[in-house]
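What follows is a short report on a single structure.
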Ligand SMILES: Cc1cc2nc3c(=O)[nH]c(=O)nc-3n(C[C@H](O)[C@H](O)[C@H](O)COP(=O)(O)OP(=O)(O)OC[C@H]3O[C@@H](n4cnc5c(N)ncnc54)[C@H](O)[C@@H]3O)c2cc1C
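Numbering (our numbering), first residue to last: 1 to 390.
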């Protein structure tokens with residue numbers, strides 16, 4: 001495992017840090033600012049900020065320059081993730097597209113798709129949503145029923161998707177659709193790239209435990225999509241989806257570590273302010289959380305070293321997903337133990353933004369579900385990494 005960065009990578013770090021210092025308003029670093037504006041306003045601010053970041057040359061860090069990226073090393077991408085977390089930069093408005101769809105298009109898209117999809121995505125002209133889950137098909141994704149029937153050179157799509165992140169702000173949806181009538185399980189599925197701004201597509205927000213509505217439902221009623229707007233070939237949707245999901249699960253753990261370590265420091269500070277820092281049970285819990293976070297950091301550096309050596313992690317990326325999501329969730333369970341019943345109200349504590357920590361505690365309930373639940377990740381590790389029987 002290599003724990004160092006090259007001088008060139010460190011030079012990139014200071015250039016990026018200087019740009020972030022000059023371009024992130026102080027008000028943005030206080031999470032109360034984001035909670036005080038509407039979902040729509042927040043989304044537009046993030047969309048515009050990300051566009052400016054692209055124009056300054058800080059987007060697609062490790063992507064080839066032919067796609068508008070910076071052609072950097074995996075180390076530079078890790079530095080970028082870390083610096084964004086340290087600067088408390090806003091979350092990407094186009095994360096699903098940038099992290100999952102773009103590398104899939106680069107790997108298996110047609111030349112036309114590479115031209116049409118990647119540039120507009122980097123500039124944030126087109127926001128992408130992921131249309132996989134359905135009311136009867138979550139972990140058991142192959143049970144999906146949304147159908148596409150060929151009519152001339154277009155598919156006519158009917159059905160419903162659910163839990164679609166950014167549904168209310170999306171422009172296009174990479175969608176799993178059953179294009180072979182009567183097909184079963186993972187056969188006969190295609191990944192269609194559907195325009196959300198058409199009469200046959202309706203979106204409805206879903207309200208979350210935190211009060212936010214960052215995901216929603218998507219209904220297709222005779223929605224239309226050109227047969228050529230299919231990624232990976234008609235009938236190959238399952239293979240395409242598995243490739244795409246491998247990018248989701250293997251995402252770098254370095255920015256997660258940086259973010260969660262900040263959360264840890266804030267929770268430890270809250271324990272001191274509340275006079276709970278002498279409670280032996282809580283101290284033991286906090287110590288365990290810190291150890292888990294440090295393990296996450298070393299695992300992230302291990303993964304980075306492997307990627308830099310050109311290794312494809314495949315199913316091992318499930319280990320990364322398990323590790324970061326469970327460390328994060330447990331950290332905020334410790335926060336819940338610290339606050340006890342006060343955790344259900346936004347009780348102010350001198351100098352501490354407890355409401356933002358509470359908001360984050362609600363969010364952590366979801367991280368062991370999306371991107372494949374912990375149980376499903378454990379099945380993958382057991383069967384495909386350890387070779388255990390089904
Ligand atoms: C915040 C958030 C954002 C999301 N964003 C998107 C999005 O943008 N696009 C999208 O398509 N989806 C999205 N999802 C949906 C997500 O992918 C699904 O919630 C997830 O796949 C689980 O499916 P489910 O909710 O139907 O649960 P189910 O599949 O019904 O699972 C219920 C429980 O059973 C367990 N279980 C299921 N199968 C097995 C098994 N074989 N072995 C052991 N245990 C099992 C699960 O682990 C879970 O505990 C999002 C979800 C969340 C919470």
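Virtual Cβ for every residue (Gly too), placed ideally from N, Cα, C.
Model, not experiment: these values are computed from the prediction.
Inset, instruction - Give me the Cα-Cα distance between residue 322 and residue 364, rounded to the nearest whole angstrom. - result: Here residue 322 refers to the residue found at position 322 of the chain shown. Here residue 364 refers to the residue found at position 364 of the chain shown. Those two C-alpha atoms are separated by around 13 Å.
Inset, instruction - Would you mind sorting residue 294 into buried or exposed? The rule is 16 or more other CB atoms within 10 Å of its CB. - result: Within the chain shown, residue 294 is the residue found at index 294, counting from 1. Exposed: under 16 other Cβ atoms inside 10 Å.
Inset, instruction - Can you tell me which of 319, 285, 309 and 381 puts its alpha carbon nearest to the alpha carbon of residue 335? - result: The residue given as residue 335 occupies position 335 in the chain shown. Nearest C-alpha to residue 335: 285.
Legend entry - Per-residue burial, residue 328 [other beta carbons within 10 Å of its own, 16 or more giving buried]: For the purposes of this step, residue 328 is identified with residue 328 of the chain shown, where counting begins at 1. By the 10 Å Cβ count, residue 328 comes out buried.
Inset, instruction - Measure the Cβ-Cβ separation of residue 136 and residue 143 and say whether it is below 7 Å. - result: In the chain shown, counting from the first residue as 1, residue 136 sits at position 136. In the chain shown, counting from the first residue as 1, residue 143 sits at position 143. For residue 136 and residue 143, yes; Cβs fall inside 7 Å.
Inset, instruction - Using only alpha-carbon positions, find the residue among 148, 85 and 107 that is nearest to residue 226. - result: Locating residue 226 in the chain shown gives position 226, where the first residue counts as 1. It is 148 whose Cα lies nearest to the Cα of residue 226.
Inset, instruction - Tell me whether residue 369 counts as near ligand 1, meaning its Cβ is closer than 6 Å to at least one heavy atom of that ligand. - result: As a working note, residue 369 is residue 369 in the chain shown. Checking every heavy atom of ligand 1 against the Cβ of residue 369, one is found closer than 6 Å.
Legend entry - Length of the line joining the Cα atoms of residue 188 and residue 239: For the purposes of this step, residue 188 is taken as the residue at position 188 of the chain shown. For the purposes of this step, residue 239 is taken as the residue at position 239 of the chain shown. About 11 Å.
Inset, instruction - Verify the contact flag: residue 163, CB atom, against every heavy atom of ligand 1, threshold strictly below 6 Å. - result: By 1-based counting over the chain shown, the position of residue 163 is 163. Within the cutoff, so yes.
Legend entry - Three-state secondary structure assigned by DSSP to residue 205: Numbered from 1 along the chain shown, position 205 holds the residue referred to as residue 205. It is a strand residue.
Legend entry - Buried versus exposed, by CB contacts within 10 Å (16 or more), residue 115: The residue given as residue 115 occupies position 115 in the chain shown. The residue is exposed, with fewer than 16 neighbouring Cβ atoms inside 10 Å.
Inset, instruction - Examine the Cβ distances between the segment 226–235 and the segment 180–199 and report whether three or more of them are shorter than 8 Å. - result: yes
Legend entry - C-alpha distance - residue 179 paired with residue 194, whole-angstrom precision: Taking the first residue of the chain shown as 1, we reach residue 179 at position 179. Taking the first residue of the chain shown as 1, we reach residue 194 at position 194. Going from the Cα of residue 179 to the Cα of residue 194 covers about 14 Å.
Legend entry - Alpha-carbon to alpha-carbon, residue 52 and residue 7: In the chain shown, counting from the first residue as 1, residue 7 sits at position 7. In the chain shown, counting from the first residue as 1, residue 52 sits at position 52. Going by the C-alpha atoms only, they are around 26 Å apart.
Legend entry - Contact check, residue 90 vs residue 49, beta carbons under 7 Å: Translated into positions along the chain shown, residue 90 becomes position 90. Translated into positions along the chain shown, residue 49 becomes position 49. Yes; because the gap between Cβ atoms is below 7 Å, this pair is in contact.
Inset, instruction - Please go through the same chain and pick out, in chain order, the residues whose beta-carbon is closer than 7 Å to the beta-carbon of residue 169, but skip the five residues on each side of it. - result: Here residue 169 refers to the residue found at position 169 when the chain shown is read from its first residue. Contacts found: 43 and 127.
Inset, instruction - Rounded to whole angstroms, what's the CA-CA distance from residue 141 to residue 314? Just pull it up for me. - result: In the chain shown, counting from the first residue as 1, residue 141 sits at position 141. In the chain shown, counting from the first residue as 1, residue 314 sits at position 314. Going from the Cα of residue 141 to the Cα of residue 314 covers about 19 Å.
Legend entry - residue 171 versus 45, 73, 288 and 197, residue with shortest Cα-Cα distance: Translated into positions along the chain shown, residue 171 becomes position 171. If we check each option's Cα against that of residue 171, 197 comes out closest.
Inset, instruction - Report yes if the C-beta distance between residue 47 and residue 158 is below 7 Å; otherwise report no. - result: Here residue 47 corresponds to residue number 47 of the chain shown, with the count starting at 1. Here residue 158 corresponds to residue number 158 of the chain shown, with the count starting at 1. No, they are not a contact pair.
Inset, instruction - Look at the Cβ atom of residue 165, then the Cβ atom of residue 215, and state whether they are nearer than 7 Å. - result: What you label residue 165 is simply residue 165 of the chain shown in a count that begins at 1. What you label residue 215 is simply residue 215 of the chain shown in a count that begins at 1. Contact: yes.
Inset, instruction - Measure the CB-CB distance between residue 254 and residue 78 and report whether it falls below 7 Å. - result: Your numbering for residue 254 matches position 254 in the chain shown. Your numbering for residue 78 matches position 78 in the chain shown. In this structure, residue 78 lies closer than 7 Å to residue 254 by Cβ.
Inset, instruction - Taking residue 255 as part of the alpha helix (DSSP H), name the residues at either end of that continuous run. - result: For the purposes of this step, residue 255 is identified with residue 255 of the chain shown, where counting begins at 1. Taken as a continuous stretch (DSSP letters only), the alpha helix (DSSP H) holding residue 255 covers 254–273.
Inset, instruction - If I'm right that residue 356 touches residue 31 with Cβ under 8 Å, what's the distance once you round it to whole angstroms? - result: Position 356 of the chain shown holds residue 356. Position 31 of the chain shown holds residue 31. Sure, about 4 Å apart at Cβ, within 8 Å.
Inset, instruction - Tell me, please, which residues DSSP counts as bridged to residue 242. - result: Position 242 of the chain shown, counted from the start, is the residue given in the question as residue 242. In the DSSP output, where bridge partners are listed per residue, residue 242 has none listed.
Legend entry - Through-space distance from residue 22 to residue 375, alpha-carbon basis: Stepping through the chain shown from its first residue, residue 375 is reached at position 375. Stepping through the chain shown from its first residue, residue 22 is reached at position 22. Using only the alpha carbons, I get a separation of about 43 Å.
Inset, instruction - Below 7 Å CB to CB, which residues in the same chain sit around residue 10 once its five sequence neighbours on both sides are set aside? - result: The residue given as residue 10 occupies position 10 in the chain shown. No residues qualify anywhere along the chain.
Inset, instruction - With a threshold of 6 Å, establish whether the CB of residue 220 neighbours any heavy atom of ligand 1. - result: Position 220 of the chain shown holds residue 220. Flag unset: Cβ of residue 220 not near ligand 1.
Legend entry - Cα-Cα separation, residue 333 to residue 358: Position 333 of the chain shown, counted from the start, is the residue given in the question as residue 333. Position 358 of the chain shown, counted from the start, is the residue given in the question as residue 358. Looking at the two C-alpha atoms, the distance is approximately 11 Å.
Legend entry - Beta-carbon gap between residue 108 and residue 67 smaller than 7 Å: Here residue 108 refers to the residue found at position 108 when the chain shown is read from its first residue. Here residue 67 refers to the residue found at position 67 when the chain shown is read from its first residue. Cβ distance not < 7 Å, so residue 108 and residue 67 don't count as in contact.
Legend entry - Within the segment 116–172, ranges of the alpha helix (DSSP H) (whole runs, at least 4 residues): 119–122
Inset, instruction - Using a threshold of 7 Å, state whether the C-beta atoms of residue 289 and residue 331 are closer than that. - result: Here residue 289 corresponds to residue number 289 of the chain shown, with the count starting at 1. Here residue 331 corresponds to residue number 331 of the chain shown, with the count starting at 1. Yes; because the gap between Cβ atoms is below 7 Å, this pair is in contact.
Inset, instruction - Give the single residue among 36, 62 and 38 whose Cα lies nearest to the Cα of residue 308. - result: The residue labelled residue 308 in the question sits at position 308 within the chain shown. Ranking the options by Cα distance to residue 308, first place goes to 62.
Inset, instruction - Specify the secondary structure class of residue 366 as computed by DSSP and reduced to three states. - result: By one-based count along the chain shown, residue 366 stands at place 366. Residue 366 falls in the coil class under three-state DSSP.
Inset, instruction - Tell me, to the nearest whole angstrom, how far the beta carbon of residue 130 is from that of residue 174; I am working on the premise that it is less than 8 Å. - result: By 1-based counting over the chain shown, the position of residue 130 is 130. By 1-based counting over the chain shown, the position of residue 174 is 174. Their Cβ separation, rounded to whole angstroms, is 6 Å, which keeps residue 130 and residue 174 in contact under 8 Å.
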